[in-house]
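The numbering used here puts the sequence shown at residues 5 to 239. The beta-carbon is built from N, C-alpha and C at its ideal position, and this holds for glycine as well.
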Amino acid sequence: MATTKQLVGITSQHNEIVKRVGNGSLDPTVVKQALQDIIEGKLPQVQNWSLPIWWRTAEQQLERARQLWPNAVLPVPPKAFTPWTKSEVLLLHVPDSFDSLWDKIVVPEGHAAKYRREDVKSPYLTPVKHELKEPTWLAFDPEHGKGESPDSFWGQSEVRLAASEILSALIQFPKWSLAWYVNDTSAPCLSGYQLRYEQGGLKVPYLDQRSQLQLLDVSASEGLDPWSSPSVREC
Numbered sequence: 005m006a007t008t009k010q011l012v013g014i015t016s017q018h019n020e021i022v023k024r025v026g027n028g029s030l031d032p033t034v035v036k037q038a039l040q041d042i043i044e045g046k047l048p049q050v051q052n053w054s055l056p057i058w059w060r061t062a063e064q065q066l067e068r069a070r071q072l073w074p075n076a077v078l079p080v081p082p083k084a085f086t087p088w089t090k091s092e093v094l095l096l097h098v099p100d101s102f103d104s105l106w107d108k109i110v111v112p113e114g115h116a117a118k119y120r121r122e123d124v125k126s127p128y129l130t131p132v133k134h135e136l137k138e139p140t141w142l143a144f145d146p147e148h149g150k151g152e153s154p155d156s157f158w159g160q161s162e163v164r165l166a167a168s169e170i171l172s173a174l175i176q177f178p179k180w181s182l183a184w185y186v187n188d189t190s191a192p193c194l195s196g197y198q199l200r201y202e203q204g205g206l207k208v209p210y211l212d213q214r215s216q217l218q219l220l221d222v223s224a225s226e227g228l229d230p231w232s233s234p235s236v237r238e239c
């Protein structure tokens with residue numbers, strides 16, 4: 005049975021569809037057929053979808069979460085996971101403070117250390133969305149928004165940008181960072197945050213890996229390639 009939060013999210017998406025059909029940006033015939041396919045269980049399957057080598061199973065993620073948050077009440081994994089894009093994977097996100105999540109990231113073999121710029125910290129961070137309060141299974145798309153400016157997604161109700169969930173992904177998938185820049189894969193901007201300093205325009209945190217795993221900042225209006233603005237959705 006769906007939770008109240010999930011029903012509210014579906015209602016929001018439904019309202020957005022109705023608005024777009026009304027203003028002519030969506031074809032009503034196509035929308036009607038797509039909704040009928042959902043009703044009949046004919047969900048589209050993403051072609052050529054395969055799990056990346058750095059992904060860890062739901063059972064492995066639960067075990068990792070139990071080690072780090074022994075008192076947390078962890079949800080049961082979804083019985084089935086249907087990706088909406090070729091790069092979506094299943095992720096267990098356990099909410100925690102920004103600093104605590106960063107401290108829990110284990111540097112994989114291949115990185116000498118991890119480094120965080122001094123002013124990329126909680127007092128300057130403002131989420132651009134409501135952050136989750138309970139452990140949740142998410143569909144995490146690390147390739148969303150590649151090469152586009154982070155601020156171009158702000159205010160888009162149909163896109164939920166990842167913020168602290170990206171740190172959760174690094175906790176759950178220690179080898180993810182080793183795959184950045186390989187075969188055209190991206191490193192992530194934490195575009196679900198705004199960095200507000202006393203001087204200068206809005207920035208966002210972003211991650212890089214060279215000899216070490218680095219947490220830095222960049223202008224929110226700058227499109228970077230091969231950086232992405234990962235997205236999440238509740239499963």
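Query                                                                                                                : Result
In DSSP terms, what P131 is bridged to                                                                               : Y197
Beta-carbon gap between L199 and D155 smaller than 8 Å                                                               : no
Start-end ranges of the alpha helix (DSSP H) lying completely within the region 151 to 231, minimum 4 residues       : 168 to 176
Three-state secondary structure assigned by DSSP to A116                                                             : coil
Cβ-based burial, K90 [other Cβ within 10 Å; buried from 16]                                                          : exposed
Residues near P79 in its chain [Cβ-Cβ closer than 7 Å; skip 5 each side]                                             : P139, T140, W141
Three-state secondary structure (DSSP) of D31                                                                        : coil
Presumed contact (8 Å Cβ cut-off) between H3 and Q17, rounded CB distance                                            : Outside the shown range of the chain, which is 5 to 239, sits residue 3, and nothing can be said about it.
Residues of its chain near L72, where Cβ-Cβ distance is below 8 Å and the 5 sequence neighbours each way are ignored : V98, K108, I175
Beta-bridge partners of W141, as assigned by DSSP                                                                    : L96
For S235, the residue or residues it bridges with in DSSP                                                            : D145, L165
Per-residue DSSP class, three states only, for D123                                                                  : coil
Beta-carbon separation (whole angstroms), R121 vs L194, contact threshold 8 Å                                        : About 12 Å; that fails the 8 Å criterion.
Close beta carbons around V93, own chain, < 6 Å, minus the five adjacent residues each side                          : W59, F144
For I14, three-class secondary structure by DSSP                                                                     : helix
Cα-Cα separation, M5 to S153                                                                                         : With a pLDDT of 43 at M5, under the threshold of 50, the modelled position of that residue is not reliable, and the figure given next carries that caveat. The alpha-carbon atoms of M5 and S153 are separated by roughly 37 Å.
Which of helix, strand or coil DSSP assigns to V25                                                                   : helix
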